[in-house]
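Visitor: This is the structure I want to talk about, given as structure tokens.
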Amino acid sequence: RRASTPMLVDEMYKNMVENLDGAEPPYALETLFLISDLLYPHCALFFVCSFMPVFTMLENDHNL
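First residue of the sequence shown: 1, per UniProt numbering; consecutive thereafter.
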């Protein structure tokens, strides 16, 4: 995943710029790369820590 992160971030940025219809992007691609390097590991950690209890509760709920 880390090897493909630059490609994915670049693709997300290009799509955002296309959707702005000529408006100025709110941040540069370099800023997005920096933020993604800082935040993606924390987002994954948050996801695992917060959703594992939810999955456990759902697994034990036989009404679903």
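We treat Cβ as the ideally placed atom computed from N, Cα and C, and that holds for glycine.
Short check: CB of M12 to CB of L34, under 9 Å?
Guide: Counting from 1 along the sequence shown, the entry for residue 12 is found at position 12. Counting from 1 along the sequence shown, the entry for residue 34 is found at position 34. Not closer than 9 Å, so no.
Visitor: For Y27 and T5, which I take to be in contact (beta-carbon distance under 8 Å), what is that distance rounded to the nearest angstrom?
Guide: Numbered from its first residue, the sequence shown carries residue 27 at position 27. Numbered from its first residue, the sequence shown carries residue 5 at position 5. In fact, because the Cβ distance is near 17 Å, the residues do not count as touching under 8 Å.
Visitor: In terms of residue numbering, what span does the alpha helix (DSSP H) encompassing A44 cover?
Guide: Residue mapping note: residue 44 aligns to position 44 of the sequence shown, counting from 1. Note, A44: alpha helix (DSSP H), L29 to N60.
Visitor: Measure how close the beta-carbons of S36 and V9 come, nearest whole angstrom, since I'm counting them as under 8 Å.
Guide: As a working note, residue 36 is residue 36 in the sequence shown. As a working note, residue 9 is residue 9 in the sequence shown. Confirmed, about 5 Å.
Visitor: For the alpha helix (DSSP H) holding D10, just list the boundary residues, first then last.
Guide: Within the sequence shown, numbered from 1, the residue matching residue 10 stands at position 10. Looking at the DSSP string, the run of the alpha helix (DSSP H) that includes D10 is T5 to N19.
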